[in-house]
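Just so you know, we're using this note's numbering here: the sequence shown kicks off at 10 and counts up by one. We put the beta carbon where it would ideally sit given N, CA and C, even for glycine. To keep things clear, I will list the structure first and then write my remarks on it.
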Amino acid sequence: MKIANGINMLQIEANVLGGVDVIHPVLIFDEETVILIDTGYPGLADRIYAAIELAGVPADRLNKIIITHQDLDHIGSLPALSEKAAGSIEVLASTFEKPYIEGEERLLKLTPEAIAQIESILPANVPEEWKRAFKAVLENPPSSKVHRIIEDGEELPFCGRLNVISTPGHTPGHISLYHKQSKTLIAADALTIVSGQLQGPDRKQTLDMDTAIKSLYKLAQYDIEHIICYHGGLYSGEASKRIAELADELSAADVI
10 MKIANGINML QIEANVLGGV DVIHPVLIFD EETVILIDTG YPGLADRIYA
60 AIELAGVPAD RLNKIIITHQ DLDHIGSLPA LSEKAAGSIE VLASTFEKPY
110 IEGEERLLKL TPEAIAQIES ILPANVPEEW KRAFKAVLEN PPSSKVHRII
160 EDGEELPFCG RLNVISTPGH TPGHISLYHK QSKTLIAADA LTIVSGQLQG
210 PDRKQTLDMD TAIKSLYKLA QYDIEHIICY HGGLYSGEAS KRIAELADEL
260 SAADVI
């Protein structure tokens, strides 16, 4: 879906735990640079490249990937996308997330206990061979080198200019991005959309909800016309006002 000139929201379906999950990586481009923001689950590289082509951008022009955080549904196809690329791809991420993306540290949410819990909810009809392969991916997630560190407040001088916003909470090094030219917030998992309504981050998947709420207050300071949520898609309207309202609502709920 075209959001504005030079920015498209992709829609990628993935089969996960017996169901279908829809995720929304973002494609930002100009004459010199094509940037993909987040890479989906493992096994989605071909679908992502097809979605880039469908957006009218030759997939062989992809030359940068920004990873917003370490979760498997954001880093999963990063190595495959890099391997399939026509040229070299520069991978950008925050300092905190770097060792997790590179495989030096275990992903924070994939503890042995978490993996056992995920195994326990797999549908009964899933073949044992598939279960073993799935567990192997959880225990040894895809990893890839991060070539460049990007930090809070940094302005990336390409594709209509992108502001890097540190939005910890969902993970400690989570970042969002603000596309200045179109006034679009790429929220990643700092926000979600449920049944068409803008919501805060998924509590079950957020490591520090108090910090995540503080990040929402930070986001509300930006002049935002559109929000792209990795889970949920596009929200347009009085976006900054709604983010501030959400932060207040979540703060009040935590106090009660």
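The shortest CA-to-CA distance from P67 to any of G96, H235, Q79 and E128 is the one to G96. In the DSSP assignment, M218 falls within the alpha helix (DSSP H) that extends over M218 to L228. Taken through DSSP and simplified to helix, strand or coil, K11 comes out as strand. Take the alpha-carbon of L26 and the one of L131: they are about 6 Å apart. In the DSSP assignment, Q126 falls within the alpha helix (DSSP H) that extends over P121 to S129. Residue range L81 to I84 is occupied by the alpha helix (DSSP H) that includes D82. Here the alpha carbon of L81 sits roughly 17 Å from the alpha carbon of P177. Taking C-beta atoms as the reference points, H83 and A196 fail to come closer than 9 Å. I32 has I21 as its beta-bridge partners, per DSSP. Distance from the CA of L53 to the CA of E22, rounded to the nearest whole angstrom, comes to 9 Å. The C-beta of D219 has fewer than 16 other C-beta atoms within 10 Å across all chains shown, which makes the residue exposed. When secondary structure is reduced to three states using DSSP, L45 falls in the strand class. Here the alpha carbons of L45 and M10 stand approximately 14 Å from one another. Under the three-state reduction of DSSP, L53 is assigned to coil, being neither helix nor strand.
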